[in-house]
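Below: the structure, in structure tokens.
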Amino acid sequence: MSLLYRLTVLLLGIAMPHRLGAIPAAISQIIKQLETVQKVKKPKANKKQKKASQEQVATAAAEEKIPPQPADSPLSKPLVTAAVEPIDKPALPPPLTQLEQACLHIEEAIQDSTLVVHPATWYYKGRIYEQMLKHTLTAASVTSASFLLDEALMAYEKVKQLSQPASQFYSFASANIAALWQLYLERGIRYAKQHAYEQAIEHFTVCRRILPEETTPLFYMAIVQQCNAQPEAALHTYTTYGQCQQPQPAIVRAMADIYGNQLKDFDKAIALLDHGLTQFPFEDSLLEEQYNLYKATNQLPLYESLLCQAMLAQPNQWDKQYAYAYFLQNEDRIEEASYFYQQMLKALPRQYAGWRQMGILWYNEAIKTYTTIRKLIAQKQPAQLHKGTQPLVWVIPRLTLPVVDRYAAIYYPTSAYEIMDCHAETRNWLGGPRISDQIKANTIPYTAPLFLLIKQQITAALTQHKQMQKIIHLQKCLQQSAHYLTIARTQNKKDKVVAQALYYTYYHLEKYRSASKLLDAMHTQKHYLDACSDPFSTKQESETSETQEE
């Protein structure tokens, strides 16, 4: 689809007001010019032209057949011609494009005293310069497109001055300005994702010029400056953004991260987080940042002491207990953290953060338990003796032959074995170590494979018992997680983390109907899951192991 066709459809189908009669005739001519697509066709030759062409070819062929001339003939001598210098002709300028022609005509229309006061004149000037700007952006930098942007914005602002707020021209001009702002914002975000930070900052700066009242570009600009190791500039931008918006936990955390990790001002970062926690007492992101800062400086014992002191000094301030429980959760002290969360929930049953964090706590514990179970299952069984070897069975005086036969029948069903009496090599019951002690100490020169296999079987039994205990614990964790996450879900259905954790909890508890119902509700909210989001899935682990083997 050609550029001209797209521009025509855009102008006539979308941008053009419905009241065509309100547009001056001169401007309508410019629009019709944009509609015209000049198609250059190669002319077809008729029969007479074809016949004349054939005769010319035949004549030229006859002229080429010149009879041979004598040696002294002037025709046989080579011609000597003087060198002719080429004449430099000025290059013709390239033909104007449809947009350039429309631009010239709209500039001529602006010179007219009647058309210059009509909003349609300025509106279509804005549309033309906007289209030229978009084509320039694809092949040039933001700086080279600055003139076109200024002209388009100036034209749209002129439209708003010449028309009423309820008119179509006014609304179309406002929408086009917003579209330009969105264009630069999206391009800036793409540059930021590609780590082209300077280009991203340029685009966000242009966004601020297009719509100064919009603060979203400030937020993205601060993030880019923070990633580009410009801490002072990022702090200034965050501060400017915070002055235009209500206090936000994300801004507090970002500024604390800059102070703590980039500027190495630990005290300033902690003071900023403490102030933020007075505004957002149950904010997990601020508590997490505070925990990370204390951990990075090896001051976790001090942090725990400060939390305990604050909790004891203000026992009715349940946010202090919540902060201490969050600390215990990060330290994997699950039972203690659960206790303090429950104490807080008894006093504040409608506190969403408590129910959410309790559900996440048991959900994460279930993931850890599942990982441990997989490791236990993956452990290799003790290697058995090579087939064909003749086992040696040590027999102490009190170990009777029937007992030996019974164990040998279990462990050596197809192999012969030899019974050796170690009575002569072992002291009596009161005079020295027992045979079992010698086996444990590996002091007997040829320890019996029978005892080795018994030990292996005991180890395998203990491992299996541990697996069963972990499986029981996993079931408990999933049930606890389902209980607390269900309550949290009833209080806030927009939390995607809670919804996703609850879905997988239902699924692995084999509550498939509840899981399916929840998944339908998530899809209604445009919240979709992929295969990699299941923490209990082994697909990602198997792919990782295959990559390592390669």
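First residue of the sequence shown: 1267, per our numbering; consecutive thereafter.
C-beta atoms are modelled at their ideal positions from N, C-alpha and C, and glycine is treated no differently.
In this text the structure is predicted, and so the values were computed from the model without any measurement.
Nonlocal neighbours in the same chain, by C-beta distance under 7 Å from residue i, ignoring five residues either side
i, result
"ILE1739", "The identity of residue 1739 in the sequence shown is His, whereas the question assumes Ile. Here the set comprises THR1635."
"MET1259", "An answer regarding residue 1259 cannot be provided, because it is not within the stretch 1267 to 1816 covered by the chain."
"LEU1403", "ALA1411"
"MET1258", "There is no way to answer for residue 1258, as the model of the chain reaches only from 1267 to 1816."
"MET1487", "ILE1467, PHE1470 and THR1503"
"ASP1800", "TYR1770"
"PHE1485", "TYR1507"
"THR1752", "LEU1768"
"LEU1414", "TYR1395, MET1398, LEU1399 and THR1402"
"ALA1499", "GLN1491"
"PHE1546", "PRO1515 and LEU1552"
"GLN1377", "none"
"TYR1773", "ALA1781"
Residues of its chain near residue i, where Cβ-Cβ distance is below 6 Å and the 5 sequence neighbours each way are ignored
i, result
"TYR1592", "LEU1553"
"MET1624", "TYR1607 and TYR1750"
"ARG1474", "PRO1483"
"MET1734", "none"
"MET1788", "ALA1765"
Residue of the options minimising C-alpha distance to residue i
i, options, result
"SER1437", "ASP1416, PRO1385, GLN1509 and ILE1600", "PRO1385"
"GLN1617", "CYS1369, THR1756, ARG1393 and LEU1414", "THR1756"
"ASP1761", "LYS1792, GLN1377 and GLY1542", "LYS1792"
"LEU1559", "VAL1472, PHE1532, LEU1573 and LYS1391", "PHE1532"
"GLN1746", "HIS1731, GLU1498, ASP1800 and ALA1632", "ALA1632"
"LEU1543", "THR1563, LEU1573, ALA1562 and ASN1527", "LEU1573"
"LYS1459", "TYR1629, VAL1490 and LEU1449", "VAL1490"
"TYR1629", "LEU1775, PHE1546 and LEU1642", "LEU1775"
"GLU1396", "ASP1523, MET1420 and PRO1431", "MET1420"
"TYR1450", "LEU1381, GLN1427, VAL1472 and GLU1549", "VAL1472"
"ASN1582", "VAL1763, GLN1609, THR1637 and GLN1367", "GLN1609"
"GLU1597", "ALA1579, LEU1611 and PRO1567", "PRO1567"
"ASN1494", "LEU1642, TYR1457, LEU1611 and GLN1565", "TYR1457"
"ARG1599", "LYS1736, SER1433, SER1379 and GLU1570", "GLU1570"
Anticipated Cβ contact below 8 Å, residue i with residue j, distance rounded
i, j, result
"TRP1447", "LYS1424", "That pair is no contact at about 18 Å."
"GLN1595", "LEU1627", "5 Å"
"PRO1513", "SER1551", "At roughly 13 Å, the Cβ-Cβ gap does not stay under 8 Å, so PRO1513 and SER1551 are not in contact."
"TRP1584", "ALA1619", "Contact flag wrong, Cβ pair sits at about 10 Å."
"TYR1770", "LEU1785", "That pair is no contact at about 10 Å."
"TYR1422", "GLY1392", "4 Å"
"LYS1426", "ALA1439", "5 Å"
"ARG1519", "GLU1464", "At roughly 26 Å, the Cβ-Cβ gap does not stay under 8 Å, so ARG1519 and GLU1464 are not in contact."
"ILE1517", "ILE1476", "Their Cβ separation, rounded to whole angstroms, is 23 Å, which puts ILE1517 and ILE1476 out of contact at 8 Å."
Straight-line Cα distance separating residue j from residue i
i, j, result
"CYS1798", "ALA1644", "22 Å"
"PHE1802", "HIS1502", "43 Å"
"GLN1492", "ILE1639", "41 Å"
"ALA1767", "LYS1777", "14 Å"
"GLU1417", "GLU1479", "20 Å"
"ALA1326", "THR1363", "Caution is warranted here: a pLDDT of 41 is assigned to ALA1326, below 50, making its placement in the model unreliable, and the coordinate value is therefore given only provisionally. Spanning the two alpha carbons is a distance of roughly 42 Å."
"LEU1744", "SER1782", "17 Å"
"TYR1261", "THR1481", "With the chain running from 1267 to 1816 in the structure shown, residue 1261 is simply not present."
"ALA1603", "ASP1540", "21 Å"
"ARG1622", "LEU1795", "20 Å"
"LYS1641", "ALA1562", "30 Å"
"GLN1741", "ALA1754", "20 Å"
"ILE1536", "GLU1366", "59 Å"
"CYS1510", "ASP1523", "21 Å"
"TYR1557", "GLU1549", "13 Å"
Coarse secondary structure for residue i, derived from DSSP in three states
i, result
"SER1803", "coil"
"ASP1796", "coil"
"LYS1391", "helix"
"PHE1548", "coil"
"ASN1758", "coil"
"PRO1819", "Any question about residue 1819 goes unanswered here, given that the chain covers just 1267 to 1816."
"LYS1777", "coil"
"HIS1371", "helix"
"GLU1498", "helix"
"LYS1634", "helix"
"ALA1644", "helix"
"ASP1531", "coil"
"HIS1461", "coil"
"GLU1479", "coil"
"GLU1597", "coil"
"PRO1513", "coil"
"LEU1785", "helix"
"GLN1733", "helix"
"PRO1385", "helix"
"ALA1418", "helix"
"ALA1432", "coil"
"ARG1616", "coil"
Neighbourhood of residue i by C-beta distance below 8 Å, restricted to the same chain and skipping five residues each side
i, result
"VAL1383", "LEU1428"
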